[in-house]
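In what follows, a single structure is set out as structure tokens and then discussed.
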């Protein structure tokens, strides 16, 4: 039987010299650390911010023009809401109000809240929005089915 002997690795252990209490001076003066912070990033120009705002709001303009193109006017919307049962009107208004409340929480997050303060508000509002949205869509479906 042939045996093969090979060295896999070598271990070298270094132990630090142990000092008795008071033998070494651990409290020595060190130079003060001078922090240099970089300059804050420059804000975009006013015209760029306003152009971006207009681009961001443009889908609302497209939506309004589209509604007017198919004949939806505020007077027709209000008359449709008033013509049906009051439960339908209340559920639709509650749903739209809950959506507005979520948008307001987003605004507060942008201006003064942090993420951990915002999430509990959003959790409650999302549940309310889900329930009111389900009720509103049920009422709209009931109206469509009754008119067929």
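Numbering (mature numbering (1 follows the signal peptide of the UniProt record, and there is no 0)), first residue to last: -20 to -1, 1 to 128.
C-beta atoms are modelled at their ideal positions from N, C-alpha and C, and glycine is treated no differently.
Quick caveat, the model's predicted, so the values are computed rather than measured.
8 Å is my cut-off, CB to CB: does residue i come that close to chain D?
i: residue 64; result: The question asks about chain D, but that chain is absent: this structure has only one protein chain.
At the level of alpha carbons, what is the spacing between residue i and residue j?
i: residue 85; j: residue 100; result: 10 Å
i: residue 20; j: residue 44; result: 40 Å
i: residue -5; j: residue 9; result: 23 Å
i: residue 66; j: residue 73; result: 11 Å
i: residue 109; j: residue 14; result: 52 Å
i: residue 32; j: residue 70; result: 36 Å
i: residue 102; j: residue 90; result: 14 Å
Since residue i is in the alpha helix (DSSP H), which residue starts that stretch and which ends it?
i: residue 45; result: 26 to 49
What residues in its chain sit with their C-beta under 7 Å from that of residue i, if we drop five residues either side in the sequence?
i: residue 60; result: none
Identify, in the order they occur along the chain, each residue of the same chain with its Cβ nearer than 8 Å to the Cβ of residue i, setting aside the five sequence neighbours on each side.
i: residue 62; result: 69
Only counting the same chain, and skipping five residues up and downstream in sequence, which positions put a Cβ closer than 6 Å to that of residue i?
i: residue 115; result: 71
* Where in the region 62 to 113 do unbroken runs of the beta strand (DSSP E), each at least 3 residues long, occur, reported from the N-terminal end onward? -> Qualifying beta strand (DSSP E) stretches: none in this window.
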